[in-house]
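K.L.:
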Amino acid sequence: MAEELVTAEQPQPERNERFRWYILHAYSGFERKVRESIESRVQAFGLKDKVGRVMIPTEPVTEIINGKKRTVERVLSAGLCAGRDGSR
Numbered sequence: 015m016a017e018e019l020v021t022a023e024q025p026q027p028e029r030n031e032r033f034r035w036y037i038l039h040a041y042s043g044f045e046r047k048v049r050e051s052i053e054s055r056v057q058a059f060g061l062k063d064k065v066g067r068v069m070i071p072t073e074p075v076t077e078i079i080n081g082k083k084r085t086v087e088r089v090l091s092a093g094l095c096a097g098r099d100g101s102r
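The numbers in the working numbering rise by one with no breaks, and the one at position 79 of the sequence shown is 93.
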């Protein structure tokens with residue numbers, strides 16, 4: 015009996031050469047709040063074609079707490095977010 019592995023592909027954002035990356039400074043620990051705020055404003059003001067992806071650079075880290083292993087996302091650079099602007 016052969017089993018098929020089905021992988022869910024991540025939808026790739028539309029490639030637009032006009033977009034340029036920008037680094038946003040935020041208070042350490044508030045990176046996710048800043049990202050959510052930017053994304054909600056982009057949606058509210060209809061700027062989807064002007065602002066691309068907003069991301070926080072993270073890496074998976076395995077921790078052992080009380081003898082249990084778990085993987086969490088750690089922010090690589092505290093206080094930084096990256097965003098793409100397509101206004102040019």
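Just so it is clear, CB atoms sit at the ideal spot from N, CA and C, and this is done for glycine as well.
Enumerate in chain order the residues of its own chain whose CB-to-CB distance from valine 68 is below 7 angstroms, with the five nearest sequence positions on each side excluded.
P.N.:
Here the set comprises Arg49, Ile52, Glu53, Cys95, Gly97.
K.L.:
Roughly how many angstroms separate the alpha carbons of glutamine 57 and lysine 47, rounded to a whole number?
P.N.:
The straight-line gap from Cα to Cα measures roughly 15 angstroms.
K.L.:
Report all residues from its chain with a CB closer than 8 angstroms to the CB of glutamate 87; omit the five preceding and five following residues, and keep chain order.
P.N.:
For glutamate 87, where only same-chain residues beyond five positions count, the Cβ hits under 8 angstroms are Thr72, Glu73, Pro74, Val75.
K.L.:
With a 10 Å radius around its C-beta and 16 neighbouring C-beta atoms as the bar for buried, classify glutamate 77 as buried or exposed.
P.N.:
When all chains shown are included, glutamate 77 counts as exposed.
K.L.:
Identify every residue that forms a DSSP beta bridge with lysine 62.
P.N.:
Lysine 62 pairs with nothing; no bridge assigned.
K.L.:
In chain order, what residues of the same chain lie with their CB nearer than 8 angstroms to the CB of threonine 85, ignoring the 5 residues before and after it?
P.N.:
Cβ within range, chain order: Pro74, Val75, Thr76, Glu77.
K.L.:
Put lysine 37 into one of helix, strand or coil per three-state DSSP.
P.N.:
Residue 37 is actually isoleucine in this sequence, not lysine. Of the three classes helix, strand and coil, the one that applies to isoleucine 37 here is strand, per DSSP.
K.L.:
At the level of alpha carbons, what is the spacing between isoleucine 70 and valine 89?
P.N.:
Spanning the two alpha carbons is a distance of roughly 7 angstroms.
K.L.:
Would you check if the distance between the CB atom of phenylalanine 33 and the CB atom of glycine 66 is smaller than 8 angstroms?
P.N.:
Result yes, Cβ atoms of phenylalanine 33 and glycine 66 sit closer than 8 angstroms.
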